[in-house]
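> Going line by line, the protein sequences match chains A and E.
All residue numbers for the first sequence refer to numbering that gives the first Met the number 0, where the first residue is 0 and numbers rise by one.
All residue numbers for the second sequence refer to numbering that gives the first Met the number 0, where the first residue is 0 and numbers rise by one.
Positions of the beta carbon are idealized from the N, C-alpha and C atoms, including for glycine.
For clarity, every value in this text was computed on a predicted model and none was experimentally measured.
Supplied in structure tokens, the structure appears directly below.
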Amino acid sequence: MGLRKQVMIVLARASCNELGRLLKNQGRSDMRPREGQARPAQPNKHFVWSRVGFVFRLVCSSRLRRGGREELYMWTWKALNQREDGSLRPSAFRRGVVSSRASSLQLSNAKEFISLHRGAINSLEIDSTEGEGRYLLSAASDGTVAVFDTHRPTSSSSSSSSSTSIAQHHPLFHLPRAHKFAISRALWYPIDTGLFITASFDHYVKLWDTNSTQVVLDYKLPAKVYGIAMSSIATSHSLIATATADVQVRLCDLASGAFAHTLSGHRDGVMSLEWSSSTEFVLITGGCDGAIRFWDIRRPGTFLLLDQSLSQLGTRPSLLPTPTPSNNESTSLPASSKSSSSTPILPAQKRRSHKKIQLKPPTQSSHPGMASSQNRATAHYGAVNGLRATADGFYLLSSGSDSRLRLWDIESGRNTLVNYEAMSIQTSKPIQLAVTPDSSLVFVPCMASLKAYDLWSGTTINTYRGHYESVNCCFFNAQDQELYTGSNDRQILVWSPSIPAATQIEEADSKGGITSIDQDNWSD
Amino acid sequence: MAESSQSKSGGKKRSRSESEGDPDADADAASLQSIQLENDLNFTDTAIALQMMKAQFPKLDKVVVRPFILRSQLYSSVKDRTQVDRDLESLKKEAVVRVFKLNTGKDDHAIMFMDDYLAQMENAVKRYDAKDKQLSDVFDWFKQYVIKSKTDVSISHPELCSLLSNGGDVTEKHVTLLINAGLLTCQLIDQNLYWFVIPNIGSILKGLSQGRKELLSLINRTKYKEMVLANLEKKRLRLSPLDIRFHIRDLIGSGLLKTVQSPIGLLIRLSRD
């Protein structure tokens with residue numbers, strides 16, 4: 000019995016590695032014509048698939064504890080059949096496989112990053128070059144920056160317990176004294192990996208040349224910098240937006256090396272910011288006062304302020320006109336009517352005969368954008384410490400120090416009231432959220448664990464526990480469906496899609512379901 | 000329009016309480032019931048949960064407070080939290096319930112039915128005798144103009160004054176009177192914004208936060224940080240006037256405790272994170 004089980008486990012593991020390779024090739028070889036390869040590939044394909052088929056039948060017949068996984072395997076098995084006879088398109092198949100891999104992440108036992116940082120890791124980013132997101136840039140609280148290659152390991156260590164060896168990735172380079180104080184964010188230049196930008200609590204934003212690891216440009220800001228952002232779709236500008244403890248958001252121009260302009264309107268420091276993923280001129284900032292503001296950088300002032308009390312029932316705005324709220328300070332104003340928002344206050348003042356009410360006079364400066372500084376609408380009851388827009392640019396996720404995560408519909412500017420189950424978010428630092436590109440899952444660092452929620456319903460899909468201290472940042476690598484997390488315990492952990500069948504067979508064995516496998520005519 | 004919605008919610012309330020237990024119904028009430036049935040035909044989970052928890056609100060001896068429900072208690076009973084939020088939003092807009100932000104801990108909200116809140120307000124106003132009788136008109140203006148139209152948890156100073164001035168001339172003294180009577184509170188971060196509050200609730204809130212701590216420490220002291228629910232229910236909390244069922248629901252909803260099925264029954268365990 001023991002030998003048979005071990006043989007089956009080895010067979011299952013091998014089949015799944017084969018399956019993994021097959022799926023990877025499947026995704027990549029969609030474009031290549033298959034007629035020329037049909038003949039020689041046939042026997043190989045069938046051999047592989049017969050082994051795979053055996054494994055899947057094995058897995059599906061045994062009693063599985065997690066019903067969801069079983070459906071996933073059944074789906075993959077059916078989908079392979081459909082792909083083979085052409086009824087499932089390659090893009091749909093790829094989407095299904097990618098989403099099933101993204102929802103089954105576990106601490107990777109095949110890959111690890113050896114981090115030489117001696118401080119908490121504050122920022123992780125993979126470059127966004129077309130088709131190959133390969134280099135991981137990490138920045139830490141001790142002022143160090145490191146770059147890792149996620150595809151090629153530098154060495155591998157074999158652990159005695161398992162037969163697989165762990166690929167170790169050492170940093171390609173490690174800058175020990177990039178900044179004097181903690182680095183809060185490090186970004187790749189959106190076009191290519193030739194440049195990267197770091198922002199630190201020592202009031203500096205520095206632009207580095209990757210190959211020579213020298214500072215090319217630096218900008219001195221008036222207060223410590225909490226975050227920076229560059230638009231990845233920008234073609235007409237190359238501006239770095241900086242969020243500092245000062246109330247103004249400054250835009251630094253790469254081309255000229257000076258500041259372009261400042262955006263004022265926040266009442267307290269700005270903790271997080273993000274460029275819109277659909278328009279190159281829209282910047283979204285979240286402040287310590289709890290407000291989220293949308294700025295069009297071509298004109299002064301905020302054009303939209305998110306208010307958590309304005310909500311819509313459902314994730315799409317309603318078609319019927321909703322009654323506007325009775326407050327005078329309307330939140331979404333087109334540029335032309337901004338000046339009219341200050342006038343409704345005046346008639347109310349005239350109505351009162353007593354002049355004892357000290358009303359704040361409508362703002363002195365005449366330009367329309369300043370009117371929105373009177374608007375006190377808050378998106379969160381605490382500071383907004385994380386912002387992430389979905390890849391299609393329709394929704395915005397914001398996390399606040401009141402331990403709430405909110406989903407906003409950008410087009411209507413309303414709270415969709417999706418409730419993400421209980422989480423506790425650290426309050427002092429900005430955190431980095433991650434969303435899968437197909438907008439199905441959101442990864443949120445909650446204290447010492449990382450939680451994955453379904454974006455639309457708010458249910459917890461998974462909790463990833465592996466760090467010893469609070470997790471600060473996470474990044475989802477869409478190419479390989481891997482998640483990288485960095486925390487205060489100076490480690491970068493890799494979470495990769497788990498190999499399903501082996502673990503399932505071992506579980507089935509412990510529950511005594513092995514008898515049904517035995518009955519599955521594997522007779523010798 | 001505001002009055003009709005008030006009577007509609009009153010009718011809804013009356014017909015539900017009739018259906019709950021009153022055997023001999025008036026001809027009047029019966030006809031009212033049949034008229035209002037189309038409002039009552041579909042219930043939402045949230046509405047049922049609110050009714051149930053209001054019925055289970057503990058009887059307090061020292062302070063007279065109408066029943067209120069915490070938001071986290073709703074989350075513990077109804078599975079889908081997003082649906083709870085959305086239902087609550089529509090109930091708020093229909094002025095059936097009113098939501099208040101509490102200052103105990105982050106993101107605590109209390110939900111109270113509109114007629115309970117109005118009754119509580121009447122009690123508070125009666126108990127607080129205003130020195131200047133002219134100023135006490137402000138309570139009627141508050142009830143008539145502000146409560147009916149503003150369904151949020153907070154209100155800004157200019158807006159408050161503009162809504163109150165529908166009743167008459169408003170001065171700073173009127174607003175001070177409202178604050179002293181316990182109907183409004185200044186926000187700490189911003190002097191120009193006010194929270195709506197339930198009057199005379201201070202001692203209960205203190206009991207709420209202390210009771211939470213006591214319950215958590217009770218479970219923390221056990222060897223495996225868990226306890227059978229049946230045993231836990233029988234205990235009494237020393238520091239809180241609210242009963243233990245209230246606190247258990249609240250802590251499960253906010254995620255600090257979790258329930259586990261076991262052969263003995265339901266276990267309450269401290270959630271680690």
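Please name the residue, chosen from A:W74, A:H265, A:N418, that lies closest to L252 (chain E) on a Cα-to-Cα basis.
The sequence position of residue 252 (chain E) within the second sequence is 253, counting from 1. Here the sequence assigns Gly to residue 252 (chain E), which means Leu is not the residue at that position. Here the closest residue by C-alpha is A:N418.
> Which chain A residues are close to E88 (chain E), counting only those with a beta carbon under 7 Å from its beta carbon?
The residue given as residue 88 (chain E) occupies position 89 in the second sequence. Those are S310, L312, L416, listed as they occur along chain A.
> What did DSSP end up calling D148 (chain A) once you bin it into helix, strand or coil?
Taking the first residue of the first sequence as 1, we reach residue 148 (chain A) at position 149. If DSSP states are grouped into helix, strand and coil, D148 (chain A) belongs with the strands.
> D488 (chain A) CB to nearest chain E CB: under 8 Å?
The residue given as residue 488 (chain A) occupies position 489 in the first sequence. Closer than 8 Å: no.
> For the alpha helix (DSSP H) containing A215 (chain E), name the first residue and the last one.
Here residue 215 (chain E) corresponds to residue number 216 of the second sequence, with the count starting at 1. According to the sequence as given, residue 215 (chain E) is Leu; it is not Ala. For L215 (chain E), the enclosing alpha helix (DSSP H) begins and ends at 201–219.
> Is the CB of R292 (chain A) under 8 Å away from at least one CB in chain E?
As a first step, residue 292 (chain A) is located in the first sequence; it is residue number 293 there, counting from the start. No, because no Cβ of chain E sits closer than 8 Å to the Cβ of R292 (chain A).
> To the nearest angstrom, report how far apart L217 (chain E) and K205 (chain E) are at their CA atoms.
As a working note, residue 217 (chain E) is residue 218 in the second sequence. As a working note, residue 205 (chain E) is residue 206 in the second sequence. Computed Cα separation, rounded: 18 Å.
> Mind listing, in chain order, the continuous beta strand (DSSP E) runs of no fewer than 3 residues lying wholly within the region 467–503 of chain A?
470–476, 481–486, 491–496
> Can you check whether the CB of L159 (chain E) is closer than 8 Å to the CB of Y127 (chain E)?
Here the question's residue 127 (chain E) lines up with position 128 in the second sequence. Here the question's residue 159 (chain E) lines up with position 160 in the second sequence. No, the pair does not count as a contact, with Cβ atoms beyond the cut-off.
> Report yes or no: is there a C-beta of chain E within less than 8 Å of the C-beta of Y380 (chain A)?
Looking up residue 380 (chain A) in the first sequence gives position 381. At least one chain E Cβ lies under 8 Å of Y380 (chain A).
> According to the Cβ coordinates, are A198 (chain A) and G142 (chain A) closer than 8 Å?
Along the first sequence, one-based indexing puts residue 198 (chain A) at 199. Along the first sequence, one-based indexing puts residue 142 (chain A) at 143. No; because the gap between Cβ atoms is not below 8 Å, this pair is not in contact.
> Quick check: the Cα distance between P152 (chain A) and S107 (chain A), rounded to an integer number of angstroms?
Walking along the first sequence from the start, residue 152 (chain A) turns up at place 153. Walking along the first sequence from the start, residue 107 (chain A) turns up at place 108. Cα to Cα, the separation comes out at about 14 Å.
> What separation, rounded to the nearest whole angstrom, lies between the Cα atoms of D115 (chain E) and A101 (chain A)?
Taking the first residue of the second sequence as 1, we reach residue 115 (chain E) at position 116. Taking the first residue of the first sequence as 1, we reach residue 101 (chain A) at position 102. Computed Cα separation, rounded: 48 Å.
> State the DSSP-derived secondary structure class of G118 (chain A), mapped to helix, strand or coil.
Position 119 of the first sequence, counted from the start, is the residue given in the question as residue 118 (chain A). Three-state DSSP puts G118 (chain A) in coil, outside helix and strand.
> What separation, rounded to the nearest whole angstrom, lies between the Cα atoms of W187 (chain A) and A228 (chain A)?
Counting from 1 along the first sequence, the entry for residue 187 (chain A) is found at position 188. Counting from 1 along the first sequence, the entry for residue 228 (chain A) is found at position 229. About 10 Å.
> Which first and last residues belong to the beta strand (DSSP E) in which P66 (chain E) is found?
By one-based count along the second sequence, residue 66 (chain E) stands at place 67. Per DSSP, P66 (chain E) belongs to no beta strand (DSSP E) and is neither H nor E.
> If I'm right that P429 (chain A) touches S235 (chain A) with Cβ under 8 Å, what's the distance once you round it to whole angstroms?
The residue you call residue 429 (chain A) lines up with position 430 of the first sequence. The residue you call residue 235 (chain A) lines up with position 236 of the first sequence. Incorrect: roughly 28 Å between the Cβ atoms, too far for contact.
> Quick test of the definition: if touching needs 3 or more C-beta pairs under 8 Å, does the region 189–204 of chain A touch the region 114–128 of chain A?
yes
> Looking at chain A, which residues of the region 105–118 of chain E have a Cβ within less than 7 Å of any of its Cβ atoms?
K105, D106
> Between the region 407–424 of chain A and the region 445–459 of chain A, can you find at least three pairs of beta-carbon atoms closer than 8 Å?
Between the region 445–459 of chain A and the region 407–424 of chain A, the count of C-beta pairs closer than 8 Å reaches three or more; the two stretches touch.
> Can you find a CB in chain E that lies within less than 8 Å of the CB of G268 (chain A)?
On the first sequence, position 269 is the one that residue 268 (chain A) refers to. Answer no: the Cβ-Cβ gap between G268 (chain A) and chain E never drops below 8 Å.
> Chain E beta carbons: is any one of them nearer than 8 Å to that of S456 (chain A)?
Residue 456 (chain A) sits at position 457 when you count from the first residue of the first sequence. It does; some Cβ of chain E falls within 8 Å.
> How is the beta strand (DSSP E) around Y218 (chain A) delimited, first residue to last?
Residue mapping note: residue 218 (chain A) aligns to position 219 of the first sequence, counting from 1. Boundaries of the beta strand (DSSP E) around Y218 (chain A): 213–219.
> Quick one: is D192 (chain E) near chain A, going by C-beta distance under 8 Å?
The sequence position of residue 192 (chain E) within the second sequence is 193, counting from 1. What sits at residue 192 (chain E) in the sequence shown is Leu, not Asp. Output row for L192 (chain E): interface = yes.
> Going by beta-carbon coordinates alone, are I247 (chain E) and I263 (chain E) separated by less than 8 Å?
Sequence index remark: in the second sequence, residue 247 (chain E) carries index 248 (1-based). Sequence index remark: in the second sequence, residue 263 (chain E) carries index 264 (1-based). Not closer than 8 Å, so no.
> What are the boundary residues of the alpha helix (DSSP H) that K233 (chain E) is part of?
By one-based count along the second sequence, residue 233 (chain E) stands at place 234. Segment 228–233, the alpha helix (DSSP H) holding K233 (chain E).
> With a threshold of 16 other CB atoms inside 10 Å of the CB of E481 (chain A), please say whether the residue is buried or exposed.
As a working note, residue 481 (chain A) is residue 482 in the first sequence. That one is buried.
> Select from E:K257, E:L177, E:S71 the residue whose C-alpha is nearest the C-alpha of M52 (chain E).
Against the second sequence, residue 52 (chain E) aligns to sequence position 53. Considering only alpha carbons, the answer is E:S71.
> Among the candidates A:G381, A:R88, A:L304, A:T128, whose CA atom is the shortest distance from the CA of D106 (chain E)?
Numbered from its first residue, the second sequence carries residue 106 (chain E) at position 107. The candidate whose alpha carbon is nearest that of D106 (chain E) is A:G381.
> First and last residue of the alpha helix (DSSP H) that includes I146 (chain E)?
Residue 146 (chain E) sits at position 147 when you count from the first residue of the second sequence. Unbroken run through I146 (chain E): none, as it is neither H nor E.
> Any idea what DSSP makes of S154 (chain A), helix, strand or coil?
Sequence index remark: in the first sequence, residue 154 (chain A) carries index 155 (1-based). Strand, per DSSP.
> How would you label S427 (chain A), buried or exposed, when you count the other beta carbons within 10 angstroms and need 16 or more for buried?
Within the first sequence, numbered from 1, the residue matching residue 427 (chain A) stands at position 428. Classification for S427 (chain A): exposed.
> Is the Cβ of S216 (chain E) closer than 8 Å to any Cβ of chain A?
For the purposes of this step, residue 216 (chain E) is taken as the residue at position 217 of the second sequence. Judged by the 8 Å Cβ criterion, S216 (chain E) is not in contact with chain A.
> To the nearest angstrom, report how far apart K224 (chain E) and K100 (chain E) are at their CA atoms.
For the purposes of this step, residue 224 (chain E) is taken as the residue at position 225 of the second sequence. For the purposes of this step, residue 100 (chain E) is taken as the residue at position 101 of the second sequence. Using only the alpha carbons, I get a separation of about 31 Å.
> Tell me, please, which residues DSSP counts as bridged to Q260 (chain E).
Here the question's residue 260 (chain E) lines up with position 261 in the second sequence. Paired residues: E:L265.
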